[in-house]
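Protein chains: 2
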Amino acid sequence: MNEGMRTSHDPSPGELGVLVKATQALLNQRMDEALRPLGLTVPQYACLSNLIDEPGITSSELARRSFVSRQSMNVLLQGLERAGLVQRSEQPGQRREKAAQLTGRAESLFAQADNAVQAVARRMTAGLGKAQRTELFALLTACGDALSEE
Amino acid sequence: MNEGMRTSHDPSPGELGVLVKATQALLNQRMDEALRPLGLTVPQYACLSNLIDEPGITSSELARRSFVSRQSMNVLLQGLERAGLVQRSEQPGQRREKAAQLTGRAESLFAQADNAVQAVARRMTAGLGKAQRTELFALLTACGDALSEE
DNA sequence: CGGTTTACGTCAATATATTGACATAAATCG
DNA sequence: CGATTTATGTCAATATATTGACGTAAACCG
């Protein structure tokens, strides 16, 4: 019986926590290696990605989506501004917010960066079928939801 | 048909990458909140945990297991030393390594910290059955393996 | 309406982490 | 054996991130 079934561990919650951390660390490392030739860091890429998804977004909102403080996001944005990749509107809006946008040069650079990052992500999930990717998504979502409630 | 089946997404590799990061960030945040009353940070807890698992381990090895540089681990260890939680052997071994060990006081503190952290991990996996935890473990391991090969 | 709360952006101080370099001594290998 | 490689610890400089605080103005609500 159980032919072809691989022996599989019976993980404790703590082991799963460690594994989540280890997986993320490895993914981050690979993304960093993939982005380095383009002169971008992972946080910078994440910032550009969020700005592509929602142009004119505020710095504080970017900070939330990147899981960093708004102060950190501000210095990150300053770096991207200095590099000519983002442009922040002076004389800002009703809530003192300064809308940030990508420059044209940034958009073409981001296209390359996104290719590199997506390749890493595909590599990560190369051994998984469609049903397994769906399952992983559902399981991680359940974990996140459990950690989010009240 | 499909009664009782919840609509489930068909995630791209990139979405899974973002989700891994988001899950880890949330887990880290909850661990931080759980450890703060004890005066410990997550990296400090991880360090103590590794020292419990393998007493006399070297600083560089601790750095590898925590996914940080050995320089960072060194300042972290200095902080733990100053707090009287770890003790490093002077006049060290054959490879210039200084074995680090927990003090008795640290062991009782770690017991409390581990309780708090394990509770967070259990909360994270509260909605998962045994089979689902095993599946999540297998899927994350597959992702890590795919990112590790050559 | 008027007081309170919330939200952005920013300044300052500090903590944390990384990169680069160096000395040292063991391990490796031709 | 002798030369090269590897590994640890450490110093210095720098980058990155956090906490705390402040001013401001919109949103909220009794």
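From first to last, the protein sequence lines stand for chains A and B. For the first sequence, the working numbering assigns the number 1 to the initial residue and increments by one for each residue that follows. For the second sequence, the working numbering assigns the number 1001 to the initial residue and increments by one for each residue that follows. Cβ coordinates follow ideal geometry from the N, Cα and C atoms, glycine included.
For residue i, would you say it is in contact with chain B, using Cβ-to-Cβ distances shorter than 8 Å as the test?
{"i": "L48(A)", "result": "no"}
{"i": "D53(A)", "result": "no"}
{"i": "R30(A)", "result": "yes"}
{"i": "S148(A)", "result": "yes"}
{"i": "S8(A)", "result": "yes"}
Taking residue i as the query, report the chain A residues whose CB atoms sit under 8 Å from its CB, ordered along the chain.
{"i": "L1128(B)", "result": "L139, A142 and C143"}
{"i": "M1124(B)", "result": "P13, L16, G17, C143, A146 and L147"}
Could you tell me which residues DSSP puts in a beta bridge with residue i?
{"i": "V1086(B)", "result": "L1102(B)"}
Using 8 Å for Cβ pairs, my map puts residue i next to residue j. What's the rounded Cβ distance?
{"i": "P1055(B)", "j": "M124(A)", "result": "Actually they do not touch by this definition, with Cβ atoms about 34 Å apart."}
{"i": "A1034(B)", "j": "A1119(B)", "result": "7 Å"}
{"i": "D1010(B)", "j": "T134(A)", "result": "6 Å"}
{"i": "G1076(B)", "j": "Q1044(B)", "result": "One detail in the question is off: residue 1076(B) reads as Leu in this sequence, not Gly. Sure, about 6 Å apart at Cβ, within 8 Å."}
{"i": "A106(A)", "j": "R88(A)", "result": "Their Cβ separation, rounded to whole angstroms, is 13 Å, which puts A106(A) and R88(A) out of contact at 8 Å."}
I want to see whether chain A comes within less than 8 Å of residue i, judged by CB atoms only; does it?
{"i": "A1022(B)", "result": "yes"}
{"i": "E1135(B)", "result": "yes"}
{"i": "S1110(B)", "result": "The residue you asked about is not Ser; residue 1110(B) is Phe in the sequence shown. Cβ-Cβ to chain A under 8 Å: no for F1110(B)."}
{"i": "L1026(B)", "result": "yes"}
{"i": "Q1118(B)", "result": "yes"}
Return yes when at least one heavy atom of the ligand MG lies under 7 Å from the C-beta of residue i, else no.
{"i": "D1010(B)", "result": "As for the ligand MG, it is missing from this structure, which has no ligand bound."}
Which residues in the same chain have their Cβ closer than 8 Å to the Cβ of residue i, if we skip the five residues on either side of it in sequence?
{"i": "L38(A)", "result": "L109, Q112, A113 and A116"}
{"i": "L128(A)", "result": "L136"}
{"i": "D1032(B)", "result": "T1041 and V1042"}
Run down chain B in chain order and give the residues with a C-beta less than 9 Å from the C-beta of residue i.
{"i": "L38(A)", "result": "Here the premise fails: no neighbours, minimum Cβ distance about 17 Å."}
Starting from residue i, find everything on chain A with Cβ-Cβ shorter than 9 Å and list it in chain order.
{"i": "L1019(B)", "result": "L136, F137, L140, T141 and G144"}
Would you mind telling me which residues of chain B sit closer than 8 Å to residue i, beta carbon to beta carbon, in chain order?
{"i": "A121(A)", "result": "S1012, P1013, G1014, L1016 and G1017"}
Counting only the same chain and skipping the five closest in sequence on each side, list residues whose C-beta sits under 6 Å from that of residue i.
{"i": "A1046(B)", "result": "S1066"}
{"i": "T58(A)", "result": "E97"}
Please list the partners that residue i has in chain A, where partner means a Cβ-to-Cβ separation under 7 Å.
{"i": "Q1132(B)", "result": "L139"}
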